[in-house]
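Colleague:
Protein chains: 2
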Amino acid sequence: MNKFWETGRKIVAVGRNYAQHAKELGNEIPSEPFFFLKPTSSYLLQGTGPIEIPLESSDIHHEVELGIVIGKKGRDIDLKSAMDYVSGYTLALDMTSRDQQSIAKAKSLPWTVSKGYDTFCPISGFIPKDKIKDLNNVELWCSVDGQIKQKGNTNQMIFDVPHLIQYISSIMTLESGDLILTGTPSGVGPVKPGQVIKCGITGLDTDMQFDIILRKRN
Amino acid sequence: MNKFWETGRKIVAVGRNYAQHAKELGNEIPSEPFFFLKPTSSYLLQGTGPIEIPLESSDIHHEVELGIVIGKKGRDIDLKSAMDYVSGYTLALDMTSRDQQSIAKAKSLPWTVSKGYDTFCPISGFIPKDKIKDLNNVELWCSVDGQIKQKGNTNQMIFDVPHLIQYISSIMTLESGDLILTGTPSGVGPVKPGQVIKCGITGLDTDMQFDIILRKRN
Ligand SMILES: [Mg+2]
Ligand SMILES: [Mg+2]
Ligand SMILES: [Mg+2]
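So the sequences go chain by chain: A and B.
To convert, note that position 42 of the first sequence is 42 in UniProt numbering; the numbers rise steadily by one, no gaps.
To convert, note that position 71 of the second sequence is 71 in UniProt numbering; the numbers rise steadily by one, no gaps.
#1: Going by the C-beta, is L181 of chain A closer than 7 angstroms to any heavy atom of ligand 2?
#2: Would you check if the distance between the CB atom of I70 of chain A and the CB atom of D160 of chain A is smaller than 8 angstroms?
#3: Say whether chain B places a C-beta atom closer than 8 angstroms to the C-beta of G47 of chain A.
#4: Taking its Cβ as the centre, do 16 or more other Cβ atoms sit within 10 Å of Q100 of chain A, making it buried, or is it exposed?
#5: Under the three-state reduction of DSSP, which class applies to P128 of chain B: helix, strand or coil?
#6: In whole angstroms, what is the alpha-carbon distance linking S124 of chain B and H62 of chain A?
#7: What residue from B:R9, B:S114, B:Y18, B:I53 has the CA that sits closest to N136 of chain B's CA?
#8: If contact is defined by three or more beta carbon pairs under 8 angstroms, each pair taking one atom from either stretch, is the region 108-123 of chain B in contact with the region 23-35 of chain B?
#9: Would you mind telling me which residues of chain B sit closer than 7 angstroms to V113 of chain A, beta carbon to beta carbon, in chain order?
#10: Opposite L65 of chain A in the DSSP bridges: which residues?
#11: Taking 8 angstroms as the threshold (C-beta atoms), are S176 of chain B and K72 of chain B in contact?
#12: Over the uninterrupted alpha helix (DSSP H) stretch that includes S102 of chain B, give me the two end residues.
#13: How long is the line joining the alpha carbons of R9 of chain A and S169 of chain A, rounded to whole angstroms?
#14: Got a sec: which bits of the region 118-136 of chain B sit with their beta carbon under 7 angstroms from any beta carbon on chain A, in order along the chain?
#15: For G22 of chain B, verify whether its CB is less than 7 angstroms away from any heavy atom of ligand 3.
#16: Is the Cβ of G26 of chain B closer than 8 angstroms to any Cβ of chain A?
#17: May I ask you to report which of helix, strand or coil DSSP gives D145 of chain B?
#18: Suppose the cutoff is 7 angstroms on Cβ atoms and the five residues either side in sequence are ignored; what does the same chain contact list for Q166 of chain A look like?
#19: For K192 of chain B, count neighbouring Cβ atoms within 10 angstroms of its own Cβ and tell me buried if that reaches 16, exposed if not.
#20: For a test of the three-state rule: what should DSSP assign to P162 of chain A, helix, strand or coil?
#21: Determine the direct distance from the alpha carbon of S87 of chain A to that of K216 of chain B, and round the result to whole angstroms.
#22: By alpha-carbon positions, which one of A:Q150, A:P185, A:T48 ends up nearest to G15 of chain A?
#23: Could you tell me whether any Cβ in chain B is nearer than 8 angstroms to the Cβ of P50 of chain A?
#24: Per DSSP, M208 of chain B is paired with what?
#25: Find the nearest neighbour of T7 of chain A within the set A:T154, A:A13, A:S41, judged by alpha-carbon distance.
#26: Report the neighbours of E175 of chain A on chain B: residues whose CB is nearer than 7 angstroms to its CB, in chain order.
#27: Look up Q156 of chain A in the DSSP assignment and say whether it is helix, strand or coil.
#28: May I have the straight-line CA-CA distance separating T182 of chain B from G67 of chain B, to the nearest angstrom?
#29: Just the C-alpha distance for S114 of chain A and M172 of chain B, rounded to the nearest angstrom, thanks.
#30: Using only CA atoms, which one of B:P30, B:E24, B:N2, B:Q46 lies nearest to C199 of chain B?
#31: Measuring only from the beta carbon, is A13 of chain B closer than 7 angstroms to any heavy atom that is part of ligand 3?
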């Protein structure tokens, strides 16, 4: 078992990689990929606890995403060898404090807080590479209290996985255990304490489920 | 020896923590700390190689900073115990692609690329905690080709180290090996290939020196 959430040293999260999602938030479709970092302290493995809503936000959104687990170190990785650097996948949520992100954007400040709280990167665990036969045809879904909110297919990605690996590794070396979040399809929206969020990949036994609670201060 | 650069899982970099530096870039003085993440792949230990200027930037700045090495895991750390979570220090450079950062800010995008290239976090190594007697009176300096460009004292920080630890740990759990970069004093400016950058802490044997070269693609 690849415990990338215990050993990995970075989470690179790509933004606006599905045209419909870029549009739903009023953003332009990017002409090259862009990304931000989430801290590994935000990992929350399926079955180990609830997603916590921070007290300083009132608009926490779910963004279901396919995660790419890196299997070996590489820099300036080219398109044709990019998939050799992939050891597997995970189903993930890029939890986002949308109100804090909007304030940060208005002030031209980093997105780090809005993306970086503890429990803001829920994951299903490790999905071995051979479980996904066609990376360009993976359907992701996300429901809140049993209602489907997001359903999208990786065939809608603006930049596919090899292009993301090529681009990111031209800027920062990718290392074994690193995770790339590949962007979210449309349908993002708020979650509230007391709700239950469920996500899955159609046809794969990777469902994950998390309770939502209000963060308690120590 | 604490090899935090090999084991640590995040670099939390505080912005605009010296009033003079906030002003020199035309920014407001923040009323609460703000921070971004640098990837651990950007570490460059003194003596292991040069700082690389990426081909897609023509304005790379030095920002000399005091780094705080975290010694144990903590969340919601309070002011009075904050220093118990510190295992030591490092002298660091928060290398910044200022032109790419300006474009990101104008588009309300993350700062990740401009702060995250390989070699963009040069460090001196580990400085044991007892080497710095008064954390509120540490003078940092940085020279380029022998000319002093930055000289500042931690007594000019807007938010001191305990306040930074309290604030950051209220958002994301700090873990052993994590690094906090505490912001840069005024005097930031460009470096070019062929130049040599030197930094130190007055009165401590922690000088570090790096050649600047143009990045080669693999
Ligand atoms: Mg960031
Ligand atoms: Mg996302
Ligand atoms: Mg800085």
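Just so it is clear, CB atoms sit at the ideal spot from N, CA and C, and this is done for glycine as well.
Modeller: Per the coordinate set shown:
#1: yes
#2: no
#3: No, G47 of chain A lies away from the interface with chain B (no Cβ there is under 8 angstroms from its Cβ).
#4: So Q100 of chain A ends up on the buried side.
#5: In this structure, P128 of chain B counts as strand in the three-state DSSP scheme.
#6: 40 angstroms
#7: B:Y18
#8: The answer is no - the region 108-123 of chain B does not touch the region 23-35 of chain B, with fewer than three Cβ pairs under 8 angstroms.
#9: Contact of V113 of chain A with chain B by beta-carbon distance below 7 angstroms involves I171.
#10: Strictly speaking, residue 65 of chain A in this sequence is Glu, with Leu absent from that position. Its beta-bridge partners are A:A92.
#11: If you check the CB distance, K72 of chain B and S176 of chain B come in under 8 angstroms.
#12: 98-106
#13: Take the alpha-carbon of R9 of chain A and the one of S169 of chain A: they are about 15 angstroms apart.
#14: D118
#15: This sequence places Ala at residue 22 of chain B; Gly is not what is there. Every heavy atom of ligand 3 is 7 angstroms or more from the Cβ of A22 of chain B, so no.
#16: no
#17: coil
#18: I77, D78, L79, A82
#19: exposed
#20: Residue state, collapsed to three classes: helix.
#21: Distance between the alpha carbons of K216 of chain B and S87 of chain A is about 27 angstroms.
#22: A:P185
#23: no
#24: B:C199
#25: A:S41
#26: S41
#27: Looking at Q156 of chain A - three-state DSSP - the assignment turns out to be helix.
#28: Cα-Cα distance, rounded: 6 angstroms.
#29: Note on geometry: alpha-carbon atoms of S114 of chain A and M172 of chain B lie some 11 angstroms from one another.
#30: B:Q46
#31: yes
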